[in-house]
Amino acid sequence: MKYQSQKVAYAYFLVAMALFAIQVLGGLLAGWIYISPNTLSELLPFNIIRMLHTNALIVWLLLGFFGAAYYLVPEESERELFSTKLAYIQLAILVVGTLGAVVSYLVGIHGGREFLEQPLWVKFGILVAAVIFLVNISLTVLAGRKTAITNILLMGLWLLCLLWVFAFINPDNLSLDKMYWWFVVHLWVEATWELVMAAILGYLMLKMTGVDREVVEKWLYVIVATALFSGILGTGHHFFWIGTPGYWQWIGSIFSVFEVIPFFAMMSFAFVMVWKGRKNHPNKAALLWSLGASTVAFFGAGVWGFLHTLHGVNFYTHGTQITAAHGHLAFYGAYVAMNLAMFTYAMPQLRGRAPYNQVLNMASFWLMTGGMCFMTFVLTFAGTIQTHMQRIVGDYYMEVQDQLGLFYMMRFGAGVAVVLGALLFIYSQLVVRRELIAPGPVTTPGE
Amino acid sequence: MSEILTKSRARNVFYGGSLFFVVVFVAMTVHSHRYIVETSTAGMPLTDEVRLGKHVWERASCINCHTLHGEGAYFAPEVGNVMTRWGVLDDPESAFEILNGWMQAQPSGIEGRRQMPFFDLTEEETRALAEFLRWADQTDTQNWPPNDAG
Chain G
1 MKYQSQKVAY AYFLVAMALF AIQVLGGLLA GWIYISPNTL SELLPFNIIR MLHTNALIVW
61 LLLGFFGAAY YLVPEESERE LFSTKLAYIQ LAILVVGTLG AVVSYLVGIH GGREFLEQPL
121 WVKFGILVAA VIFLVNISLT VLAGRKTAIT NILLMGLWLL CLLWVFAFIN PDNLSLDKMY
181 WWFVVHLWVE ATWELVMAAI LGYLMLKMTG VDREVVEKWL YVIVATALFS GILGTGHHFF
241 WIGTPGYWQW IGSIFSVFEV IPFFAMMSFA FVMVWKGRKN HPNKAALLWS LGASTVAFFG
301 AGVWGFLHTL HGVNFYTHGT QITAAHGHLA FYGAYVAMNL AMFTYAMPQL RGRAPYNQVL
361 NMASFWLMTG GMCFMTFVLT FAGTIQTHMQ RIVGDYYMEV QDQLGLFYMM RFGAGVAVVL
421 GALLFIYSQL VVRRELIAPG PVTTPGE
Chain A
1 MSEILTKSRA RNVFYGGSLF FVVVFVAMTV HSHRYIVETS TAGMPLTDEV RLGKHVWERA
61 SCINCHTLHG EGAYFAPEVG NVMTRWGVLD DPESAFEILN GWMQAQPSGI EGRRQMPFFD
121 LTEEETRALA EFLRWADQTD TQNWPPNDAG
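Read top to bottom, the protein sequences are chains G and A. First residue of the first sequence: 1, per the UniProt record's numbering; consecutive thereafter. First residue of the second sequence: 1, per the UniProt record's numbering; consecutive thereafter.
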């Protein structure tokens, strides 16, 4: 850690990991209710648990992004942050808002637009925190060295904060409501967040592989270009059946096929950089997470997205367990794993330790990734059966669901693996102090 | 390759191309907005009752179990076409009665069955919710869902 102010990232990562634990435990509980539907049904109904599961995910990913920005911008800009005090105030606002949202969900006070259920005062809190963040980080970048990584990171973060404005716009017309709702949801995860993801990946590659900055930055621009060229009009794949014009079926299908490209590019980029790089970085776990994130993102967001994105297919699969399968693997690969890669890279330095190989951390990668892949497979099978029985044959929803019990049991088992992996990850970050397995003899370090 | 594709060229393509797609997207959004208001949702007027129904729908966070036009939580049935499924798309009174009867019977408490919570709604609110669901069902959704099962 070269700059003292990078330390603020530590607080962000700690809060993010706490929410990560809440998120996966909430998911596990929701998965259990699929098997044993009477669980807590009057005390804590499914809709409340799901809000906690999804909202905790979104907030902790954002906290991870903010923390990552606070960690990498000083190094990239070659100067201290504009203000560490502002960064802590921003975090405090977000923590109060998050706790406020949790409490109000538990007592039944919430909105009803999916993922944007936060009470209005929490939404304003998020807006204020976002403005503080943008001011703080922009002033730091403007005063220092400008690099492609900070350019792309800042552009992604500015746009995602601006798009938050649509969280306040809720037309009475349901179809308009849905169309503008996607301005937040889709243009976050399939456009602006990809910019943040690419910037973080670029930074990690630069630090860990030792490949020339010029090469890294050039390819970063190519990757984010393909992300926005495909992702903006790719919004159309959500406009097939919500009352929007029919031309979106072709626009959405064609451009969302191209949405696979940035994820393929990020995966290729990561592997090529590691092959070409000549640095033998000691933090093997961070390297594993970086490569793993870009690979799983390609399969989860790219392949599983493509699986049901053509409108002829989506007509039948829309809103089935296929969507749930895709959602889980895409979020895990692209955003959960990329955040964990950043935590894994930064934590040893934030805690003042020499990077170590982090065996337990690597074990948690395989546990979580294996669990999430298995969950995706079983939900895909469940979704295929559901699509056939419900959308082709025309059986009623609950009759079909009753046939899917076995898959939901296997999904719960996969969920247990993910939760254990997540807890192991947190343990390995916060408790483990030294190498559990001594490294082998290094033949030619730095070669 | 590296001579043709320099970093600054890649950057310019990124900025220029993104701007182009943003402009196209905004133009299509404007058209879609008008299409929704004037055509696809024009089948039934957007009355104050429908508006109230949407607020009831949101306040109860129905979307976190059900789907509406295929979007939502996949834990409970699709309701974008529920009025068609019940055969009461053009009958407000029956729509209210069936919906009210269903809502009053929740939670069923049947062991091993997914439970819908009891929502303490006034008659006015339940009527509004029924009208909101009838309104949503009249939207031109390009013939989705494929059948009445939703």
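The beta carbon of each residue, even a glycine, is placed where N, CA and C say it ideally should be.
Along chain G, in chain order, which residues have C-beta atoms closer than 7 Å to that of residue i?
i: V13 of chain A; result: A225
i: T41 of chain A; result: N173, S175, G243
Can you look up residue i in the DSSP assignment and give me helix, strand or coil?
i: T84 of chain G; result: helix
i: A16 of chain G; result: helix
i: G72 of chain A; result: strand
i: T47 of chain A; result: coil
i: E447 of chain G; result: With a pLDDT of 38 at E447 of chain G, under the threshold of 50, the modelled position of that residue is not reliable, and the figure given next carries that caveat. Note: E447 of chain G maps to coil in three-state DSSP.
i: E78 of chain A; result: strand
i: T122 of chain A; result: coil
i: T376 of chain G; result: helix
i: T67 of chain A; result: strand
i: W182 of chain G; result: helix
i: V73 of chain G; result: helix
i: A170 of chain G; result: A small fix is needed here, since residue 170 of chain G is Asn in this sequence, not Ala. Three-state result, N170 of chain G: coil.
i: F365 of chain G; result: helix
i: H311 of chain G; result: helix
i: N143 of chain A; result: coil
i: D402 of chain G; result: helix
i: L436 of chain G; result: coil
i: R353 of chain G; result: coil
i: S175 of chain G; result: helix
i: M197 of chain G; result: helix
i: I110 of chain A; result: coil
i: D137 of chain A; result: helix
i: S61 of chain A; result: coil
i: W86 of chain A; result: coil
List, in chain order, every chain A residue whose beta-carbon is nearer than 9 Å to that of residue i.
i: N136 of chain G; result: Going along chain A, no residue has its Cβ under 9 Å from N136 of chain G, so there is no contact; the nearest lies around 24 Å.
i: H328 of chain G; result: Ordered by position in chain A, no residue passes the 9 Å Cβ test against H328 of chain G, which lies about 12 Å from the chain.
i: L228 of chain G; result: F14, G17, S18, F21, V22
i: M398 of chain G; result: A76, P77, R113, R114
i: H308 of chain G; result: Going along chain A, no residue has its Cβ under 9 Å from H308 of chain G, so there is no contact; the nearest lies around 11 Å.
i: L233 of chain G; result: F21, V24, F25, M28
Is the Cβ of residue i closer than 8 Å to any Cβ of chain A?
i: A101 of chain G; result: no
i: K178 of chain G; result: yes
i: I200 of chain G; result: no
i: G446 of chain G; result: Because the pLDDT of G446 of chain G is 48, which lies under 50, any placement of that residue in the model is unreliable, and the question is left without a value.
i: T320 of chain G; result: yes
i: I385 of chain G; result: no
i: H186 of chain G; result: no
i: D395 of chain G; result: yes
i: W324 of chain G; result: For clarity, residue 324 of chain G is Ala in the given sequence; the question names Trp instead. Yes - at least one Cβ of chain A is within 8 Å of the one on A324 of chain G.
i: R113 of chain G; result: yes
Against chain G, with Cβ distances strictly below 8 Å, would residue i count as a contact?
i: residue 156 of chain A; result: Any answer about residue 156 of chain A is impossible in this case: the structure gives chain A only from 1 up to 150.
i: W86 of chain A; result: no
i: L121 of chain A; result: no
i: residue 157 of chain A; result: In the structure displayed, chain A extends from 1 to 150; residue 157 of chain A sits before or after that span and is not available.
i: T24 of chain A; result: Looking at the sequence shown, residue 24 of chain A is not Thr but Val. So yes, V24 of chain A belongs to the interface.
i: W144 of chain A; result: yes
i: Q138 of chain A; result: no
i: L46 of chain A; result: yes
i: R51 of chain A; result: yes
For a contact defined as C-beta to C-beta under 8 Å, what are the partners of residue i on chain G?
i: L5 of chain A; result: K218, V222
i: A105 of chain A; result: The contacting residues do not exist; A105 of chain A stays about 14 Å from chain G at best.
List, in order along the chain, the chain A residues whose C-beta lies closer than 8 Å to that of residue i?
i: R50 of chain G; result: N64, C65, A73, F75
i: Y316 of chain G; result: P146
What residues of chain A sit near residue i, judged by a beta carbon separation below 7 Å?
i: Q390 of chain G; result: A149
Quiz item: How about the segment 426-437 of chain G and the segment 368-378 of chain G: do they share at least three Cβ pairs that are nearer than 8 Å?
Solution: no
Quiz item: Going along the segment 57-83 of chain A in order, which residues come within less than 8 Å of chain G, judged by CB to CB distance?
Solution: W57, E58, R59, A60, S61, C62, I63, N64, C65, T67, L68, H69, G70, E71, G72, A73, Y74, F75, A76, P77, E78
Practice problem: Would you check if there are 3 or more beta carbon pairs closer than 8 Å linking the segment 127-139 of chain A to the segment 88-101 of chain A? | Solution: yes
Quiz prompt | Touch test, the segment 401-408 of chain G against the segment 348-368 of chain G, Cβ-Cβ under 8 Å, three pairs minimum | solution = no
Quiz prompt | Three CB pairs or more closer than 8 Å across the segment 158-167 of chain G and the segment 120-139 of chain G | solution = yes
Quiz item: Can at least three beta-carbon pairs, one atom from the segment 314-324 of chain G and one from the segment 380-392 of chain G, be found at a separation below 8 Å?
Solution: yes
Self-check item: Segment contact flag, the segment 18-36 of chain G with the segment 290-301 of chain G, C-beta cutoff 8 Å, min 3 pairs
Solution: no
Practice problem: Say whether the segment 267-274 of chain G touches the segment 54-68 of chain A, bearing in mind that this needs 3 or more beta-carbon pairs closer than 8 Å, one atom from each stretch. | Solution: no
Exercise. Give the residues from the segment 35-65 of chain G that approach chain A closer than 7 Å (Cβ to any Cβ), ordered along the chain.
Key: P37, N38, S41, E42, P45, F46, N47, R50, M51
Quiz prompt | Any 3 or more C-beta pairs closer than 8 Å across the segment 88-99 of chain G and the segment 50-67 of chain G | solution = yes
Practice problem: Mind the definition here: the segment 74-81 of chain G touches the segment 2-13 of chain G only if three or more C-beta pairs lie below 8 Å; say whether that holds. | Solution: yes
Quiz item: Touching or not, the segment 179-192 of chain G and the segment 411-425 of chain G, by the rule of three or more beta carbon pairs under 8 Å?
Solution: no
Quiz item: Going along the chain, which residues of the segment 24-38 of chain A sit with their C-beta nearer than 8 Å to a C-beta in chain G?
Solution: V24, F25, M28, T29, H31, S32, H33, Y35, I36, V37
Quiz item: Can you find at least 3 beta carbon pairs, one from the segment 234-246 of chain G and one from the segment 304-316 of chain G, that sit closer than 8 Å?
Solution: yes
Quiz item: Within the chosen definition, does the segment 223-235 of chain G reach the segment 19-39 of chain A through at least 3 CB pairs nearer than 8 Å?
Solution: yes
Practice problem: Answer yes if the segment 33-42 of chain G comes into contact with the segment 97-114 of chain G, meaning at least three C-beta pairs across the two stretches below 8 Å, and no otherwise. | Solution: no
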